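Reading through the structure tokens given below for one structure.
Written out as structure tokens, the structure is:
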């Protein structure tokens, strides 16, 4: 893999936890890779699988969905629904050779700014190993 | 299990006409939904028959399923009449009905479910051509298949979906018209699987025996084994060709966004498909931006997106009827794609569509303790 490959991560973050954690990471002056582009969602359970598919079709290298820890969902169980959908997407995309490590679901609480920064760090280095996504740069959408 | 023997020496259809007519006469049901030869005697379509005399043209064993009748059952029972109807379905149709019931788009309360043993169907046009040359095509087909002569007639094969269908026999029905293992030219069996079915047999005054008909279990087992072997081979070969995004896009290269596959799909449950809404009516500027980014943009757009979305929506519910491939004007291997994806998604959630009414559809439920491997985190 060429050393100058910089992966793009599209992050769908729950307003009540992971987005707040990202905010905390910022106000705590933690540094984390600039590869992540954050989209604020009201809940990880609001991430329609189409958003994930579209992000890949538009050339993202990885998708990170951040939700509340089990039991902590602001809407009671949106995160549990997100987990089923991610498992489903892993199967569908995996069938066509898209590595599961390109789609991460992680529980990150509002207080876990460190963990947010670490997760982005980890995912960026994993995507650097994987290289550009197979769905990138296709002439067909 | 209880079963009765139907004498079919006068013809399979005649025997069924008598049986269904008796159910009508005895008031067991007020109508029968059954595949029937239409006015010009060739196209076979489901028909809702309330008058005994109109049963004369029924032809449920015709080797054609013009459209998966699950949608017709849903139309009939979405807002139920509350009046009993017997519906004669094949396994793929019945299993799709069960999925639609779970989606609250169909109801079983009024229905006496009669399942047909199915040796497969021909593509609609192929069927019409064969039927034009043989007035008794159904009898010819069933007799040949039941005697081990295979399902190819005049060099025409049954659809690819049917060749790999591991469900030739219906399970979740009240009554089952059993031809596999029987001699359809002489006699077939009608098996009662539920109380409703047993009552119907009693009303029709058929002589009932207990147990399984002779040789039935072995014959069904052999047919299923043959289908399973064909399925394994097809899945391996097809998956090897399409295990990459390039492979997927090769398979879908001819897609013209006609959406016939989802119209034909009995498991595609959305009342309005998102792909026909304004969400996908893009601005000219959007197309220009895509073209500039890619250098070349294949039109129409959103084809890969459409099929991947459909896989996400209904692959866990796919019953493998193959109507998607039959409806495709460009012969894309839609059935092969969806069946190989469905195998993975259905296994992941341990779900068998069309089997158990009590089991929730994978995307309609969740558990607090499950799928820990998705996040790899523990508290």
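Protein chains in written order, with the working numbering: chain A, 20 to 160; chain B, 103 to 481.
All C-beta atoms in this analysis are idealised placements derived from N, C-alpha and C, irrespective of residue type, glycine included.
Source: prediction; values computed, not measured.
Quick one: residues in its chain with C-beta nearer than 8 Å to the C-beta of residue i, no 5 flanking neighbours on either side, listed in chain order?
i	result
residue 121(A)	75, 80, 81, 82, 112, 146, 149, 152
residue 140(A)	51, 52
residue 393(B)	399
residue 66(A)	31, 60, 84, 101, 104
residue 144(B)	230, 233, 234
residue 246(B)	252, 253, 255
Could you tell me if residue i is buried or exposed, where buried requires 16 or more neighbouring beta carbons within 10 angstroms of its beta carbon?
i	result
residue 39(A)	buried
residue 100(A)	buried
residue 204(B)	buried
residue 340(B)	buried
residue 179(B)	buried
residue 115(B)	buried
residue 460(B)	exposed
residue 115(A)	buried
residue 391(B)	exposed
residue 140(B)	exposed
residue 319(B)	exposed
residue 24(A)	exposed
residue 360(B)	exposed
residue 108(B)	buried
residue 331(B)	exposed
residue 161(B)	buried
residue 402(B)	exposed
residue 84(B)	For chain B, the structure presents residues 103 to 481; residue 84(B) sits outside this window and is missing.
residue 64(A)	buried
residue 227(B)	exposed
residue 480(B)	exposed
residue 58(A)	exposed
residue 404(B)	buried
Whose CA, out of the options, lies closest to the CA of residue i?
i	options	result
residue 151(B)	436(B), 165(B), 132(B)	132(B)
residue 285(B)	110(B), 351(B), 334(B)	110(B)
residue 304(B)	121(B), 112(B), 113(B), 114(B)	121(B)
residue 181(B)	141(B), 192(B), 212(B)	212(B)
residue 112(B)	227(B), 238(B), 200(B), 313(B)	238(B)
residue 156(B)	119(B), 105(B), 418(B), 230(B)	119(B)
residue 214(B)	300(B), 469(B), 464(B), 148(B)	300(B)
residue 477(B)	160(A), 37(A), 106(A), 43(A)	106(A)
residue 193(B)	252(B), 479(B), 265(B), 456(B)	456(B)
residue 324(B)	462(B), 201(B), 226(B), 269(B)	269(B)
residue 272(B)	470(B), 257(B), 198(B), 358(B)	198(B)
residue 296(B)	309(B), 228(B), 259(B), 278(B)	278(B)
residue 96(A)	385(B), 411(B), 469(B)	469(B)
residue 249(B)	384(B), 422(B), 475(B), 321(B)	321(B)
residue 190(B)	164(B), 183(B), 337(B)	164(B)
residue 155(A)	187(B), 373(B), 395(B)	395(B)
residue 463(B)	386(B), 254(B), 236(B), 369(B)	369(B)
Could you name the residues of the same chain whose beta carbon sits closer than 6 Å to that of residue i, not counting the 5 residues immediately before and after it, in chain order?
i	result
residue 167(B)	223
residue 371(B)	205
residue 47(A)	132
residue 424(B)	261, 263, 437
residue 446(B)	none
residue 148(B)	135, 137, 171, 174
Determine the extent of the beta strand (DSSP E) in which residue i is found, giving its start and end residues.
i	result
residue 134(A)	Counting along the chain, residue 134(A) falls outside any beta strand (DSSP E), though it belongs to the alpha helix (DSSP H) covering 132 to 149.
residue 96(A)	It is not in any beta strand (DSSP E) - residue 96(A) carries neither H nor E in the DSSP assignment.
residue 285(B)	277 to 285
residue 124(A)	122 to 126
residue 108(B)	104 to 109
residue 365(B)	It is not in any beta strand (DSSP E) - residue 365(B) instead sits in the alpha helix (DSSP H) that spans 362 to 366.
residue 139(B)	133 to 139
residue 301(B)	Segment 297 to 305 is the alpha helix (DSSP H) holding residue 301(B); no beta strand (DSSP E) there.
residue 291(B)	289 to 294
residue 310(B)	310 to 312
Excluding the five sequence neighbours on either side, which residues of its own chain have a C-beta within less than 7 Å of the C-beta of residue i, listed in chain order?
i	result
residue 487(B)	Since the first residue of chain B shown is 103 and the last is 481, residue 487(B) is not available in this structure.
residue 93(A)	35, 62, 87
residue 108(A)	68, 71, 122
residue 26(A)	54, 80, 81, 143, 146, 147
residue 440(B)	413, 417, 420, 426
residue 210(B)	203
residue 312(B)	104
residue 200(B)	274, 456, 459
By the DSSP assignment, the alpha helix (DSSP H) with residue i in it spans what residues?
i	result
residue 114(B)	114 to 127
Mind pulling the chain D residues with CB within less than 8 Å of residue i?
i	result
residue 347(B)	Absent from the structure is chain D; the protein chains it does hold are A and B.
| If you scan the segment 20 to 81 of chain A from start to end, which runs of the alpha helix (DSSP H) of 4 or more residues do you find wholly inside it? | 37 to 46, 68 to 76
| Residue ranges of each beta strand (DSSP E) run of no fewer than 3 residues wholly in the segment 149 to 208 of chain B, ordered along the chain? | 187 to 191
| request: Note down, one range per segment and in chain order, each alpha helix (DSSP H) of at least 4 residues found wholly within the segment 210 to 265 of chain B. | output: 226 to 235, 239 to 248, 262 to 265
| said: What ranges does the alpha helix (DSSP H) occupy inside the segment 394 to 473 of chain B, keeping only unbroken runs of at least 4 residues that lie completely in it? | reply: 405 to 416, 425 to 429, 436 to 450
| request: Pick out the complete alpha helix (DSSP H) segments inside the segment 332 to 358 of chain B, 4 residues or longer, and give them in chain order. | output: 347 to 353
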